[in-house]
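What follows is a short report on a single structure.
2 protein chains.
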Amino acid sequence: MTRQAFRGSFLDFVGDPFFEEDVNSVRYFPDGLMIVEAGIIQALGSYEVLHPQYPDIPVTEYIGKLILPGFVDTHIHFPQTEMIAAYGEQLLAWLHKYTFPTEAKFKDKDYAQRVASFFLEELLKNGTTTALVFTAVYPEAAEAFFEEAERRNLRMIAGKVMMDRHAPDHLIDTAESSYADSKRLIQKWHQRGRLRYAVTPRFAVTSTPEQLKLAAKLLQEFPDVHLHTHLAENVDEVRLVAEMFPESKHYLDVYDQAGLVGDRSVFAHGVQLSDEEFARLSQAGAAIAFCPTSNLFLGSGLFRIEQAKSVERPVKLGLGTDVGAGTSFSMLQTCNEAYKIGKLRRQKLSAFQALFLATLGGAQALRLDHYIGNFEAGKEADFVVLDPRCTPLLAFRNAKPADTLAAIAEQAFTLMMLGDDRAVHATYIMGNRYAPDAKC
Amino acid sequence: MTRQAFRGSFLDFVGDPFFEEDVNSVRYFPDGLMIVEAGIIQALGSYEVLHPQYPDIPVTEYIGKLILPGFVDTHIHFPQTEMIAAYGEQLLAWLHKYTFPTEAKFKDKDYAQRVASFFLEELLKNGTTTALVFTAVYPEAAEAFFEEAERRNLRMIAGKVMMDRHAPDHLIDTAESSYADSKRLIQKWHQRGRLRYAVTPRFAVTSTPEQLKLAAKLLQEFPDVHLHTHLAENVDEVRLVAEMFPESKHYLDVYDQAGLVGDRSVFAHGVQLSDEEFARLSQAGAAIAFCPTSNLFLGSGLFRIEQAKSVERPVKLGLGTDVGAGTSFSMLQTCNEAYKIGKLRRQKLSAFQALFLATLGGAQALRLDHYIGNFEAGKEADFVVLDPRCTPLLAFRNAKPADTLAAIAEQAFTLMMLGDDRAVHATYIMGNRYAPDAKC
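Those protein sequence lines, which keep their order, are chains V and G. Position one of the first sequence corresponds to residue 20 (our numbering), numbered consecutively onward. Position one of the second sequence corresponds to residue 20 (our numbering), numbered consecutively onward.
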């Protein structure tokens, strides 16, 4: 691959806007140039300064467009694509009524592959280039997902679901089989190209203590795999976990006692966490995937963003769509509802803070920030080209160009409130423009 | 205009699904035919039964599409179109920081007309055919709006904003001037074609008791005009109103003492209403416009749907987008967030209930249900043709046809959770397909 250059407005984060002034944490080049070679970012700067150093380079022009690092979705379930927007229930009933019957179809690898393909097309259309993905309990489903992700050269993390109780018989594994299947999948897929593996017990309710222990054993045997599960999403769930694990101090402690709480662990939701649990997550360097559209759709509650982002005990935080409980594949729409959850709690989530969570914050939560998350030289050129005027309403709203940090903050906010997949003009993977798969 | 026929799936309401079984309140013809003559609905039935009665009629085919009555938006501000998605504030600060400076531009009638035109195009693109609209304090803004609505032959209700205090000097009228200007506008526009007038004091904070009294005088002089204002949206606002009107029992009582609470009154929001206020609204036959995306965006709170829809003391209820505090012109997206607000309160808002609010419920709230709201013979043929497979995700989700009431309930729910203006295949006004205005 030869050297490439892209011109447009560039926005990324070099610090955390929850803790640092925008001027120190946000980079914005109203007329910027990014140099990419063999899929890797070589340089980013203002066009005026940088272009003279590359006088003969062919430039792909995105004048008037806003280029961000590819979005990072820190929690999503690919088999639930087809059951998005399932009516009426809160978490536990929703699982039994909709999720388990749907996931049962994913033993059929061909079917799983078709859905995985569709799912990845939806992600890419929405500008999401990396995700931490629940597959299903069947190794076939994980295989199908990894194959489709590899075919598209995506940086993805996924794992086979481990669940050995409290689900229909045909949907459960055993502690031993889940260990063996996960191990085989790790050996095959983890660190293969851009792929990574996450040990994926569904949640405390559907795993025996033995299964959780074997999950931890995998983490010990493969110290660079990830851990991905659910935590404290729903009031009834928290109560049930307390009943099932009377020897645990709190929900997080169930995972902690098993040895699953570490700096490569990502816990989805955390809506119902106590201060003590937040503190333990901070101490362990673990991450939370905040899933606004899902938390609202299932009525799970209002996540305490400011607690995760406290100066004293910060917890790594990313955003997740949590499709199929989430109602959109779009990280912009996810930012929209993150803002609304903040407002109901009298907090302000700025556009920079939200987009940080959707990019560098997510990459940090997944421990992938050495590879992706912003436009630092040496990182992989996964990026999204947004059109701030993609609909008549956005064009009307964003009539003026955004020449300053204040102006781009406003424009970015309109994109996250009013934008969706239509705002995604192009998605790039390792410097290659992603072309929708005609088969899908 | 000759006789027309439309074939497709038809869904409308002949009762209130909050109080009656779906089978009694919902009409669904999977393969239906609607006969329209001179813009008026003549008949609706199953294609098989009805078509033989009209053997030679040309049929516009919408096979696979879902036809609903045009959406009714019971609360929206046209001058705020350009400030949709304004960052960071709750109601009172948001008004002063964003709204008042924006509305100041609407003294310029040409400008007001351009925005009114754009605004109506957005409504129609989203399938909204009737709205109750705040204009601005300047009579020019109301004139501009009515002219643009008349040009499109729309059934719209609007009014000049009355506000004679607690706003910048250039934005306020006086009690007397607001009375005179409103009266002149009523005489010119009320009942002209499909248009209606609403006496429109902004809210208790920005009107003196004298202005509220003169507003009531207009209602007495013109007994069939509407009353449109805001009520109990925000905690700080309620506190401020209590301070400003110490002689009132509660917020609603401010309007009641002035003589503004009647069966043609529509109060936007009502998030912070007491049970006593709900009871009084019920008794008076007044209506509430529930504005979910706005209530979330401004952090106003969670409307108590079940209180408005209580069997003992029902209050007429419609949905409002409340653009520009609302974040979407789409009534489908408004239903999405209405559902989420319900879920946070452990309530279930079914698709039929939500779509009832967006159609017949809204028409009843605006006292326009003799003209619009469902497909009863004699009503005006304002309708929206929805495509349940308008995006790849919706096509994937709604692969099967919806042949039963249960199936259409599910499909309608996916449309309200995942749909937006893209789901609107066509909008019809009095039997004429609306063509977007090339000037906009």
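Where a beta carbon is used, it is the ideal one built from N, C-alpha and C, also for glycine. Because the structure is a prediction, the values reported are computed rather than measured.
inquiry  = For G/K328, count the other beta carbons within 10 Å of its own beta carbon; 16 or more makes it buried, fewer makes it exposed. Which is it?
reply    = buried
ask   = Does DSSP put G/A457 in a helix, a strand or coil?
value = Only weak support is given to the placement of G/A457: the predicted model assigns it a pLDDT of 47, under 50, and the question is left unresolved by the model.
query = For G/K458, which residues of its own chain have a beta-carbon under 8 Å away from its beta-carbon, when the five flanking residues on both sides are left out?
reply = In this prediction, G/K458 has a pLDDT of 44, which is less than 50 and means its spatial position is unreliable; nothing more can be read from the coordinates.
query = Going by the beta-carbon positions, is the gap between G/T149 and G/F164 smaller than 8 Å?
reply = no
inquiry  = Within 8 Å of any Cβ in chain G, is that where the Cβ of V/M181 sits?
reply    = no
inquiry  = Between G/Y106 and chain V, is any beta-carbon pair separated by less than 8 Å?
reply    = yes
task = Would you mind giving the Cβ-Cβ distance between G/Y358 and G/A373, rounded to the nearest angstrom? I have them listed as a contact below 8 Å.
result = 6 Å
key: With 16 other Cβ atoms within 10 Å as the buried cut-off, status of G/D75   = exposed
query = Listing by chain order, which chain V residues have their CB less than 9 Å from the CB of G/G318?
reply = K359, G361, K362, L363, R364, R365, Q366
ask   = Among the residues of its own chain, which have a CB less than 6 Å from the CB of G/D31, if the five just before and after it don't count?
value = R46, P88, N393, F394
Three-way DSSP call (helix, strand, coil) for G/Y66 in this model = helix
message = By alpha-carbon positions, which one of G/G64, G/I82, G/A194 ends up nearest to G/M53?
response = G/G64
ask   = Quick one, which of G/K128, G/P120, G/R170, G/D35 has its alpha-carbon nearest G/I191's?
value = G/P120
inquiry  = For a contact defined as C-beta to C-beta under 7 Å, what are the partners of V/E40 on chain G?
reply    = Neighbours of V/E40 on chain G: none; closest Cβ ~17 Å, over 7 Å.
inquiry  = In this structure, how does DSSP classify V/A442 when only helix, strand and coil are distinguished?
reply    = helix
request  = Please work out which residues of its chain come closer than 7 Å, Cβ to Cβ, to G/A400, disregarding the five sequence neighbours upstream and downstream, and give them in chain order.
outcome  = V55, G58, I59, I60, Y447, M449, G450
Residues from the stretch 369-391 of chain V in contact with chain A, defined by Cβ distance under 9 Å = The structure shown has no chain A; the protein chains it does contain are V and G.
ask   = Quick one: what's got a C-beta closer than 8 Å to V/T79's C-beta in the same chain, skipping five residues either side?
value = Q23, A24, F25, R26
ask   = How would you write the range of the alpha helix (DSSP H) that V/T147 sits in, first residue to last?
value = It is not in any alpha helix (DSSP H) - V/T147 instead sits in the beta strand (DSSP E) that spans 147-153.
ask   = From G/L338 to V/A234, what does the alpha carbon distance come to, in whole angstroms?
value = 48 Å
task = Ignore the nearest five residues each way along the sequence and tell me which others in G/L300's own chain have a CB closer than 6 Å to its CB.
result = V334
task = With DSSP collapsed to three states, give me the class of V/E429.
result = helix
request  = Closer than 8 Å by C-beta to G/G320: which residues in its own chain qualify, once you throw out the five before and the five after it? Chain order, please.
outcome  = N253, V254, V290, Q291, N314
Coil, strand or helix - G/A287 by DSSP = strand
message = Can you give me the C-alpha to C-alpha distance between V/H247 and G/E262, rounded to a whole angstrom?
response = 52 Å
Enclosing beta strand (DSSP E) for V/K84 [first to last residue] = 78-88
key: Beta-carbon gap between V/T225 and V/A186 smaller than 8 Å   = yes
request  = Compare the C-alpha of V/S267 against each of V/V443, V/P228, V/A194 and name the closest.
outcome  = V/P228
task = Count the C-beta pairs between the stretch 378-390 of chain V and the stretch 412-424 of chain V that are closer than 8 Å, then say yes if the count reaches three, no if not.
result = no
task = Assign V/I82 to one of two classes, buried (16 or more other C-beta atoms within 10 Å of its C-beta) or exposed (fewer than that).
result = exposed
ask   = Leaving out five residues before and five after V/H70 in sequence, what residues of the same chain have Cβ atoms less than 6 Å from its Cβ?
value = L52
task = Show which residues of chain G have a CB atom less than 8 Å away from the CB atom of V/N355.
result = T346
request  = Give a yes or no on whether 8 Å exceeds the smallest Cβ distance from G/E101 to chain V.
outcome  = yes
Nearest candidate by alpha-carbon position, reference V/D243, set V/L412, V/Y270, V/L214 = V/L214
query = Does the Cβ-Cβ distance between V/M175 and V/R221 come in under 8 Å?
reply = no
task = Say whether chain V places a C-beta atom closer than 8 Å to the C-beta of G/L467.
result = Only positions 20 to 459 of chain G appear in the structure, and residue 467 of chain G is not among them; the question remains open.
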